[in-house]
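Each remark here refers to the structure printed beneath this line.
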Amino acid sequence: MVNYTDRSKLNSAQALKWLVDMGADEITSDTPINRFVIQPQNNNPKIKDTATRIVQPVDEPVSRPAPVGKNQMAPAEGAHDAASVAAAAKDIKKLRAAVEQFEGCALKFTATTTVFSDGNPNADLMIVGEAPGVEEDKRGRPFVGASGVLLDKILHSIDLDRSKDCYITNVLFWRPPGNRSPTNSEIAACLPFVWRHIELKNPKVIILLGGTASKTILNTQEGIMRLRGKWSNIQLANTKREIPCMPTFHPSFLLRQPNQKREAWRDFRAVKTKLLEYY
């Protein structure tokens, strides 16, 4: 048995055991250490100063085959189908029914209703706008919102009544979501109906409201600032008669830029003068 009272005779293992028995729980060095001047140690891993963005896993949509239908057609197919359907319509009433049944334009499935036309089908003046807005989508008639109110005022300023002296339609029959600009494929799907609409209506004069309508009907890339106020003629396939067209600002643009109302008023005055040439 080892006598712990004579510690000088203990080996290292016995000395360590004796220290543990005495309650020692730390190992000290031979030289004193000032613990107050030593920086505290952090045993945890050092965190970088730059923040790391944690990317949450995104559930990828499950790919499912889309149902086959006219609304799934490619743009060229939709336009070709529209051309054959539009050509079969023998009057405006049948053309309206064809447009309402047409499913070759994806806009139909996001819109509330089809917006075909308003006004007098026998009027000499035809007005072609761009696309239905929120109010038009609700009520199924073109130009019934704030833009329509301004259009009515402009027409009254040249002694024209919307319900008697004008026939109004759009390049698009359905409202684009969020009132965004229409795509080329959406315009292409509707265009055969628009041309057939003009053919069946056969107006003496056409007003084109806004850049989309003007560039589409006149088949040009020029903007409305260059086009407005200048007469251009279109010739329909089934007639040799040329129809004069006046491009001008869309009423919604005039609401945002009221300083341009004077120019638009001049354009409408020119239209009134042109109409008087037929009487």
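Just add 7 to the spot in the sequence shown (first one is 1) and you have our numbering. From the three backbone atoms N, C-alpha and C, an ideal C-beta is built for every residue, glycine too.
Length at least 3, wholly inside the stretch 179–250: the beta strand (DSSP E) runs in chain order: Annotation: the stretch 179–250 contains the following complete segments of the beta strand (DSSP E) (minimum length 3 residues), in chain order: 212–216 and 239–242.
Among the candidates N127, K211, S19 and S124, whose CA atom is the shortest distance from the CA of L243? Among N127, K211, S19 and S124, the Cα nearest to that of L243 is on K211.
By DSSP, does T280 sit in helix, in strand, or in coil? Three-state DSSP puts T280 in a helix.
I'd like to confirm the pairing. Which residues does DSSP put opposite D125 in its beta bridges? D125 is bridged to I175.
Alpha helix (DSSP H) segment containing I161, residue limits: Per DSSP, I161 is one residue of the alpha helix (DSSP H) stretching across A153 to S164.
Return helix, strand or coil for L132, following the three-state DSSP convention. DSSP, read as helix, strand or coil, puts L132 in strand.
Helix, strand or coil, according to DSSP, for P254 in the structure here? In the structure shown, P254 adopts extended strand secondary structure according to DSSP, grouped into three states.
Is the Cβ-Cβ distance between E137 and L216 less than 8 angstroms? A contact, by the Cβ cut-off of 8 angstroms.
Suppose contacts are defined by Cβ-Cβ distances below 8 angstroms. Is P139 in contact with W181 by that definition? Cβ distance < 8 angstroms, so P139 and W181 count as in contact.
Just to check, is the beta-carbon of P210 closer than 7 angstroms to a non-hydrogen atom of the ligand ATP? The ligand ATP is not among the ligands present in this structure, which contains no ligands whatsoever.
Burial state of D125 (16 or more Cβ within 10 Å): Here D125 is buried: its Cβ has 16 or more other Cβ atoms, across all protein chains shown, within 10 Å.
Where T219 falls, given that 16 or more other Cβ within 10 Å makes a residue buried: Burial call: buried.
Would you be able to state if there are at least three C-beta pairs under 8 angstroms between the stretch 222–241 and the stretch 148–157? Judged by pairs of C-beta atoms under 8 angstroms, the stretch 148–157 does not touch the stretch 222–241, as fewer than three such pairs exist.
Among D166, I175 and K171, the one whose alpha carbon lies nearest that of F123: Of the listed residues, the one whose Cα sits closest to F123 is I175.
Beta-carbon within less than 7 angstroms of T120's beta-carbon, same chain only, minus the 5 sequence neighbours each way: which residues are those? Taken in chain order, the residues that qualify are D144 and G147.
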